[in-house]
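A.B. asks: Note that the protein sequences, when read in sequence, are chains W and L.
47 is the number that my numbering gives to position 47 of the first sequence; each next residue is one higher, with no gaps.
353 is the number that my numbering gives to position 156 of the second sequence; each next residue is one higher, with no gaps.
Glycine included, C-beta positions come from ideal geometry on N, C-alpha and C.
The structure is given below, and queries will be raised subsequently.
2 protein chains.
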Amino acid sequence: MGGSDIERLIQALARLPGLGPRSARRAALALLKRRDVLLQPLIEALAAAAANVRSCSECGNLDTADPCAVCSDAKRDGGLLCVVEDVADLWALERSGLFRGRYHVLGGTLSALDGVGPEDLRIGGLVRRVGAGTTREVILALSATVEGQTTAHYIADRLKGLAIIVSGLGHGVPVGGELNYLDDGTLDAALKARRPL
Amino acid sequence: MGGSDIERLIQALARLPGLGPRSARRAALALLKRRDVLLQPLIEALAAAAANVRSCSECGNLDTADPCAVCSDAKRDGGLLCVVEDVADLWALERSGLFRGRYHVLGGTLSALDGVGPEDLRIGGLVRRVGAGTTREVILALSATVEGQTTAHYIADRLKGLAIIVSGLGHGVPVGGELNYLDDGTLDAALKARRPL
């Protein structure tokens with residue numbers, strides 16, 4: 001289909017999440033047809049990101065600075081630490097603008113099935129960070145899955161004895177959610193978390 | 198969201214067809230997390246494609262060689278010329294393996310609305326190519342849209358007087374298609390193209 005360089009580009013694009021072989025082919029064709037607008041800027045953006053973006057040694061966020069913009073922002077509440085699984089979760093919370101504390105990115109969840117143990121995640125760093133001082137509360141903002149909740153319980157256990165509050169996210173009916181589409185687990189959590197109106 | 202270089206990468210990815218802001222963010226994160234497997238190979242593939250892929254001066258196909266692999270393949274029937282709108286159509290036909298002649302890529306369709314006239318497409322080159330000699334039949338494999346059929350009629354007109362056959366693709370029920378999902382135009386075409394069993 002027109003040269004090994006085209007095939008190679010299609011294959012490199014098809015390895016990205018969300019792009020199958022068909023959409024990778026479409027993207028490759030668009031890139032080759034509009035080189036000044038699409039291809040050249042993408043090469044430059046990739047090269048700049050490869051050269052400048054690093055993992056924050058404090059919290060695990062991705063940024064061009066280390067410590068990252070969140071960790072070095074003096075206006076944020078250093079006493080509030082939000083633990084998330086992934087940088088994508090940190091970005092989601094930042095987009096919402098709802099949280100003004102700091103973060104700690106674990107880099108995944110504990111999973112016996114996938115062989116992910118505590119030493120594979122940034123848990124030791126979290127315990128050290130919390131033990132070092134200023135933290136008042138740790139919010140475990142992990143997925144409401146078996147792995148996420150197992151990880152939350154494990155971390156809560158590791159933080160026992162420190163004079164801090166450890167909290168988890170509230171479970172219940174998502175805003176805009178319709179009851180008849182919810183699973184039993186969510187309904188159960190929503191009933192248990194009922195509150196007076 | 199973590200550095201202007203990350204934002205720039207997300208924006209460059211979001212301009213690709215099939216990737217919105219959300220999937221571009223996901224792709225950027227995957228690229229940054231798996232640099233050796235995803236980011237570096239993509240930079241190299243893009244650079245190689247930018248340097249080596251060109252438009253075939255004969256037919257308009259994209260390839261690392263000019264004339265392209267299809268045009269220089271001596272085993273193909275040089276008397277059969279398939280006219281397509283876009284390189285993507287040529288690739289689709291090549292993947293099917295059904296056609297063993299040569300191609301001519303127009304680069305679009307005539308469109309008064311978008312200001313695309315005959316001089317904006319590779320139509321002059323097609324007329325010269327057919328006039329030069331070996332072509333027996335021109336197959337106008339254009340979309341069954343108003344623009345595609347207008348373009349087909351215009352080209353058929355321009356090729357009048359040359360001792361060749363000009364044909365178009367058959368219209369009718371697509372294989373696997375269900376009657377109650379088809380539009381009236383397709384049903385009409387299918388009825389007119391009915392054949393004895």
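Under a three-way DSSP split, which group does L:S201 fall into?
C.D. replies: Three-state result, L:S201: helix.
A.B. asks: Among W:T151, W:I164, W:I123 and W:A132, which one has its Cα closest to the Cα of W:V138?
C.D. replies: Cα-wise, what sits closest to W:V138 is W:I164.
A.B. asks: Within 8 Å (strictly less), CB to CB, does L:I352 reach chain W?
C.D. replies: No, L:I352 lies away from the interface with chain W (no Cβ there is under 8 Å from its Cβ).
A.B. asks: Below 7 Å CB to CB, which residues in the same chain sit around L:D233 once its five sequence neighbours on both sides are set aside?
C.D. replies: Contacts found: none.
A.B. asks: In chain L, which residues lie less than 7 Å from W:D188 when you measure between Cβ atoms?
C.D. replies: Near W:D188 there are no residues of chain L at all, since even the closest Cβ is about 30 Å away, more than 7 Å.
A.B. asks: Expressed to the nearest angstrom, what Euclidean distance is found between the alpha-carbon atoms of L:K389 and L:T332?
C.D. replies: Whole-angstrom Cα-Cα distance: 30 Å.
A.B. asks: Are W:V70 and W:N61 closer than 8 Å when you measure CB to CB?
C.D. replies: Taking 8 Å as the Cβ cut-off, W:V70 and W:N61 qualify as a contacting pair.
A.B. asks: Just to confirm, are L:L337 and L:A349 a CB contact at a threshold of 8 Å?
C.D. replies: Yes.
A.B. asks: For L:H368, which of helix, strand or coil comes out of DSSP?
C.D. replies: Three-state DSSP puts L:H368 in coil, outside helix and strand.
A.B. asks: Cβ of L:D311 less than 8 Å from any chain W Cβ?
C.D. replies: Answer no: the Cβ-Cβ gap between L:D311 and chain W never drops below 8 Å.
A.B. asks: Kindly provide the ranges of any alpha helix (DSSP H) runs that are 4 or more residues long and lie completely inside the stretch 208-242 of chain L, ordered along the chain.
C.D. replies: Listed in chain order, they are 218-230.
A.B. asks: I'd like the list of long-range same chain contacts for L:A211, defined as Cβ closer than 7 Å, with 5 residues on each side in sequence excluded.
C.D. replies: So the list reads G217, P218 and A221, once near-sequence residues are dropped.
A.B. asks: For a contact defined as C-beta to C-beta under 9 Å, what are the partners of W:L19 on chain L?
C.D. replies: Going along chain L in sequence order, the residues near W:L19 (Cβ under 9 Å) are L213, G215, L216, S220 and A224.
A.B. asks: Looking at W:S57 and W:D66, is the spacing between their C-beta atoms short of 8 Å?
C.D. replies: The answer is yes: Cβ separation under 8 Å.
A.B. asks: Check whether the Cβ atoms of L:A245 and W:D120 lie closer than 8 Å to each other.
C.D. replies: No.
A.B. asks: The alpha helix (DSSP H) spanning L:I352 covers which residue range?
C.D. replies: Segment V343 to R355, the alpha helix (DSSP H) holding L:I352.
A.B. asks: Please determine, among L:A341, L:G314 and L:S269, the residue with the shortest C-alpha to C-alpha distance to L:V370.
C.D. replies: Checking every option, the nearest Cα to that of L:V370 belongs to L:A341.
A.B. asks: Can you name the start and end residues of the alpha helix (DSSP H) that L:I361 belongs to?
C.D. replies: Per DSSP, L:I361 belongs to no alpha helix (DSSP H) and is neither H nor E.
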